[in-house]
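Its first residue numbered 1, the sequence shown is counted upward by one per residue in our numbering.
Idealized CB from N, CA, C, for every residue including glycine.
Everything numeric in this text was worked out from a predicted model, so none of it was measured.
What follows is one structure encoded as structure tokens, with my remarks underneath.
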Amino acid sequence: MHLTCNQEIVGSNPTGGLFLDGVNVMNIILIGPQGSGKGVLGRHLNSKYGFSPISSGDVLRQEMDKGTKLGKKIADIINKGNLFPDELTLELIDKKIRNARSGFILDGFPRNLNQAKLLESYLEKLDKKIDLVLLVDVPESVSLFRLAGRWQCKNFGEIYNTKTIPPKIHGICDKCGKALYQREDETEDAIKERLKIYHEKTEPLIKYYKEKGLLKVIDGSGTPKEVLKHAVDVIESLK
Ligand code: AMP
Numbered sequence: 001m002h003l004t005c006n007q008e009i010v011g012s013n014p015t016g017g018l019f020l021d022g023v024n025v026m027n028i029i030l031i032g033p034q035g036s037g038k039g040v041l042g043r044h045l046n047s048k049y050g051f052s053p054i055s056s057g058d059v060l061r062q063e064m065d066k067g068t069k070l071g072k073k074i075a076d077i078i079n080k081g082n083l084f085p086d087e088l089t090l091e092l093i094d095k096k097i098r099n100a101r102s103g104f105i106l107d108g109f110p111r112n113l114n115q116a117k118l119l120e121s122y123l124e125k126l127d128k129k130i131d132l133v134l135l136v137d138v139p140e141s142v143s144l145f146r147l148a149g150r151w152q153c154k155n156f157g158e159i160y161n162t163k164t165i166p167p168k169i170h171g172i173c174d175k176c177g178k179a180l181y182q183r184e185d186e187t188e189d190a191i192k193e194r195l196k197i198y199h200e201k202t203e204p205l206i207k208y209y210k211e212k213g214l215l216k217v218i219d220g221s222g223t224p225k226e227v228l229k230h231a232v233d234v235i236e237s238l239k
């Protein structure tokens, strides 16, 4: 397993996380169905190790909220649960990947084989590479249960769940005190379409990354703390 080492930032993590001994920078892809907890896991890994979480869905939603022509085009596509064009999605997360000097955790990208190949040649040009692909495995019943109660903060993208990770005050973000919202693509029809696309287009990535020797599977059905522990065990095992 290749671990990228950036001597410049040894012991001084700009995001405040702890660096692992001998593992300064890791670039990770999270794969898993909607509601598997990738977003929450990405945030927890960021707190622990300082790897920057990059969610293509969050980046698209932020663009959508600007109400620009591009934002309206995005809304038309994502509110139905369909995929935004591959190259354009990569262009939108490009800056975040370039800026992630202490490693990154990609959540939601790549979502199909074409995106995986685009990412590979793009990273090659930046002299970066993927070190680990974590499949967050949950049964569909758990996914659906979590999606039904999911609320999010627009400010920091903090994720809550009325049943499993409730905010201290209903409808209000613990971190910033602003109102939480439910996503427009979390209607029954859009969720069905998103899960269908996951099975058809995203699941083939499991075989793709397994063949490259990068894939590790963790059980995503426990509490956020338990899922973090599984991920940390994998990361530590790569030291
Ligand atoms: P997510 O927040 O990852 O569930 O993504 C929400 C929606 O954003 C998806 O259902 C897609 O419409 C769009 N989206 C997110 N990531 C991608 C991607 N890598 N490629 C194309 N569309 C994406």
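Is the Cβ-Cβ distance between N27 and I130 less than 7 Å?
-> Along the sequence shown, read from residue 1 onward, the residue named residue 27 stands at position 27. Along the sequence shown, read from residue 1 onward, the residue named residue 130 stands at position 130. At a Cβ-Cβ threshold of 7 Å, N27 and I130 count as neighbours.
Using beta-carbon positions only, say whether A148 and G81 come within less than 7 Å of one another.
-> Walking along the sequence shown from the start, residue 148 turns up at place 148. Walking along the sequence shown from the start, residue 81 turns up at place 81. With contacts defined as CB atoms closer than 7 Å, A148 and G81 fail to qualify as a contacting pair.
Which residue from F51, K210 and G32 puts its Cα closest to that of K96?
-> Stepping through the sequence shown from its first residue, residue 96 is reached at position 96. The alpha carbon of K96 has as its nearest neighbour, out of F51, K210 and G32, the alpha carbon of F51.
Are G39 and I159 touching if we call contact CB-CB under 7 Å?
-> Mapped onto the sequence shown, residue 39 falls at position 39. Mapped onto the sequence shown, residue 159 falls at position 159. In contact: G39 and I159 (Cβ atoms closer than 7 Å).
Ordered along the chain, which non-local residues of its own chain (more than five positions away) have a Cβ less than 8 Å from that of P53?
-> Counting from 1 along the sequence shown, the entry for residue 53 is found at position 53. For P53, where only same-chain residues beyond five positions count, the Cβ hits under 8 Å are G39, G42, R43, L45, N46, F104, I105 and D107.
Coarse secondary structure for R111, derived from DSSP in three states | The residue you call residue 111 lines up with position 111 of the sequence shown. In the three-state reduction of the DSSP assignment, R111 falls in the coil class, being assigned neither a helical nor a strand state.
Have a look at D198 and K48 and give me their C-alpha separation to the nearest angstrom.
-> What you label residue 198 is simply residue 198 of the sequence shown in a count that begins at 1. What you label residue 48 is simply residue 48 of the sequence shown in a count that begins at 1. In the sequence as displayed, the identity of residue 198 is Tyr instead of Asp. Computed Cα separation, rounded: 28 Å.
Inter-residue spacing [alpha-carbon to alpha-carbon] between K207 and E226 | What you label residue 207 is simply residue 207 of the sequence shown in a count that begins at 1. What you label residue 226 is simply residue 226 of the sequence shown in a count that begins at 1. Those two C-alpha atoms are separated by around 26 Å.
Looking only at its own chain, which residues have a Cβ that is under 8 Å from the Cβ of I77, when we skip the five neighbours before and after it?
-> For this step, residue 77 is matched to residue 77 along the sequence shown. So the qualifying residues of the chain are L83 and F84.
Would you check if the distance between the CB atom of Q115 and the CB atom of W151 is smaller than 7 Å?
-> Within the sequence shown, the letter at position 115 stands for residue 115. Within the sequence shown, the letter at position 151 stands for residue 151. Contact flag unset, no.
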